[in-house]
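Under mature numbering (1 follows the signal peptide of the UniProt record, and there is no 0), the residues of the sequence shown are numbered -39 to -1, 1 to 59, in order. Ideal placement from N, C-alpha and C gives every residue a C-beta, glycine not left out.
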Amino acid sequence: MWRMKMRSNTRALRLRDLLLPAVLLVPVAVSAISAPAAAQNAQAQQMFQKACGSDVKKYCSDVQPGGGRIIQCIKANEASLSDTCKSALVQIKAQSGR
């Protein structure tokens, strides 16, 4: 009886020893995959702020940031945007593949 318990504990231990590293590696793999996308997003955000900051102040100063409201405001005022902002938006769109 004791040997039977020992075997099942050994099997459970082996399974745990195999699964634990796999479970621990998932977050590392996900972050490694998403890191380049996050860096690209941060770069696009910096480019947008630099090129369109004055347009955001001019046309969207009363818009509360968050939920994509600033982008919606910029799109609504697209015809009035500065050439610098328009050009940056085209470049950001091309980089994101949209």
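Cutoff 8 Å: residue i Cβ touching any chain D Cβ
{"i": "Ser22", "result": "The displayed structure is made up of one protein chain only, and chain D is not part of it."}
Beta-carbon proximity of residue i to residue j, cut-off 8 Å
{"i": "Leu42", "j": "Asp23", "result": "no"}
{"i": "Met8", "j": "Ala49", "result": "yes"}
{"i": "Ile31", "j": "Cys46", "result": "no"}
{"i": "residue 67", "j": "Ile35", "result": "In the structure as shown, the chain begins at -39 and stops at 59. Residue 67 is therefore absent and cannot be evaluated."}
Candidates the options, of which the one nearest residue i by Cα
{"i": "Asn38", "options": "Gly27, Gln25, Cys13 and Ser57", "result": "Cys13"}
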